[in-house]
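Sequence positions in the sequence shown follow this note's numbering and run 12 to 273. Using N, Cα and C, we set each Cβ at its ideal position, and we do this for glycine too.
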Amino acid sequence: MVIVLKTVFPAVLISLWLGLSPSSSQAEISQANQAESAAAFQAVDALARQTRAAADLPRWSNPDHAKVLGRFWDVKATLGAPPYRPADVPALLPVIDRAGSLFKTYVLFAPQAGMVPDTAANTAKYQDEIARAGAYLLRVQAAGLEAISDFLATLPAAQMNAARRDGLRKIRLGINEMVTGIVLMLRSPGLRSENQAILLDALAEGAATLAASTAPADRTALVAQVNTVLASLSGPERAKALAFKAAFERKECTGLCAMEAQ
12 MVIVLKTVFP
22 AVLISLWLGL
32 SPSSSQAEIS
42 QANQAESAAA
52 FQAVDALARQ
62 TRAAADLPRW
72 SNPDHAKVLG
82 RFWDVKATLG
92 APPYRPADVP
102 ALLPVIDRAG
112 SLFKTYVLFA
122 PQAGMVPDTA
132 ANTAKYQDEI
142 ARAGAYLLRV
152 QAAGLEAISD
162 FLATLPAAQM
172 NAARRDGLRK
182 IRLGINEMVT
192 GIVLMLRSPG
202 LRSENQAILL
212 DALAEGAATL
222 AASTAPADRT
232 ALVAQVNTVL
242 ASLSGPERAK
252 ALAFKAAFER
262 KECTGLCAME
272 AQ
């Protein structure tokens, strides 16, 4: 099971693509949420620097490490509660950047500087951490998509310029890569049931928002990927996968889904 994010989105550039100013927009996500996200990331970063000295990363199996990691992955404390609106985008972007950074830290880890990362080995060794990091990143991205979709719904057609269109397509591509990678991870025979449930929870929770932002061809591809997983699932896990699949089988296509038609 290998997941590598190819597309990185600098927060300031996305704000410019959308015509939002990170400094002047009034975010609805509380200052306390924003401060907690920043502080939690600083704590994880400091811990990772310590563990790297021993050629390792923070481990979920270590209770002390789990407290630091769990604080960073606390959705309520770092994101507050939906609905997320355009004014939240500048506050959401740093959170998305931090979530993606930690996710890639595990996937692309190399014990020594200059070594080529063994992503297959990393996703096996660090599957507890990668599952939780991936689930958190999906939830954060879904929050961002909700806010961006609301922005698009009120954007006059004349203001949908080439820069915005290109930026939004790149956002959609990056998130589609992430969702596809998580679905592929579910197919791994080495994925433990606890981690499988964590990923399926995040996919099911964000299914409607993620599907609404996915192009029809990519929806079809994801449905095909989910079909390959269903045979190995039962009970609540199968129900969550089916709910995710159903969201991507819907025909309605507006907003980010319909970027090609705009």
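State the Cα-Cα distance for the pair R261 and P74, rounded to the nearest angstrom.
Residue 261 sits at position 250 when you count from the first residue of the sequence shown. Residue 74 sits at position 63 when you count from the first residue of the sequence shown. Between the alpha carbons of R261 and P74 lies a distance of about 42 Å.
Between the CA atoms of S72 and A232 - distance to the nearest angstrom:
Working through the sequence shown from its first residue, we reach residue 232 at position 221. Working through the sequence shown from its first residue, we reach residue 72 at position 61. Those two C-alpha atoms are separated by around 35 Å.
Select from A168, A110, N133, A46 the residue whose C-alpha is nearest the C-alpha of A189.
Residue numbering aside, residue 189 sits at position 178 when the sequence shown is read from its first letter. Position check: residue 189 holds Met in this sequence, whereas Ala was assumed. Cα-wise, what sits closest to M189 is A110.
CB contact flag (Q45, A121, <8 Å):
Here residue 45 refers to the residue found at position 34 of the sequence shown. Here residue 121 refers to the residue found at position 110 of the sequence shown. Judged by beta-carbon spacing, A121 lies beyond the 8 Å limit of Q45, meaning their Cβ atoms are not closer than that value.
On the criterion of 16 or more Cβ atoms from any shown chain inside 10 Å, does M12 qualify as buried, or is it exposed?
Your numbering for residue 12 matches position 1 in the sequence shown. With a pLDDT of 47 at M12, under the threshold of 50, the predicted position of this residue should be treated as unreliable, though the coordinate-derived value follows. Around the beta carbon of M12, a 10 Å sphere encloses 16 or more other beta carbons of the protein chains shown; the residue is thus reported as buried.
Determine the closest residue to A92 out of A43, D139, D129, A235, with distance taken between C-alpha atoms.
Within the sequence shown, residue 92 is the residue found at index 81, counting from 1. Out of A43, D139, D129, A235, A43 has the C-alpha closest to the C-alpha of A92.
As an exercise, report each continuous alpha helix (DSSP H) stretch of at least 4 residues that is fully enclosed by the stretch 83-119, in chain order.
For the stretch 83-119, whole alpha helix (DSSP H) runs of length 4 or above, ordered along the chain, are 86-90, 100-118.
Helix, strand or coil: which one does DSSP assign to C268?
Along the sequence shown, read from residue 1 onward, the residue named residue 268 stands at position 257. In this structure, C268 counts as helix in the three-state DSSP scheme.
Which of the three DSSP states is assigned to M126 in this structure?
Taking the first residue of the sequence shown as position 1, residue 126 is located at position 115. Looking at M126 - three-state DSSP - the assignment turns out to be coil, as it is neither helix nor strand.
Could you give the residue range of the alpha helix (DSSP H) that holds E47?
As a first step, residue 47 must be located in the sequence shown, where it is residue number 36. Taken as a continuous stretch (DSSP letters only), the alpha helix (DSSP H) holding E47 covers 42-63.
With the cut-off set at 8 Å, would you say L80 and E140 are in Cβ contact?
Taking the sequence shown and counting its residues from 1, the one referred to as residue 80 is at position 69. Taking the sequence shown and counting its residues from 1, the one referred to as residue 140 is at position 129. Yes; because the gap between Cβ atoms is below 8 Å, this pair is in contact.
Tell me which residues share the same chain as L241 and place their Cβ nearer than 7 Å to its Cβ, disregarding the 5 neighbours each side in the sequence.
The residue labelled residue 241 in the question sits at position 230 within the sequence shown. The answer, listed in chain order, is R249, A252.
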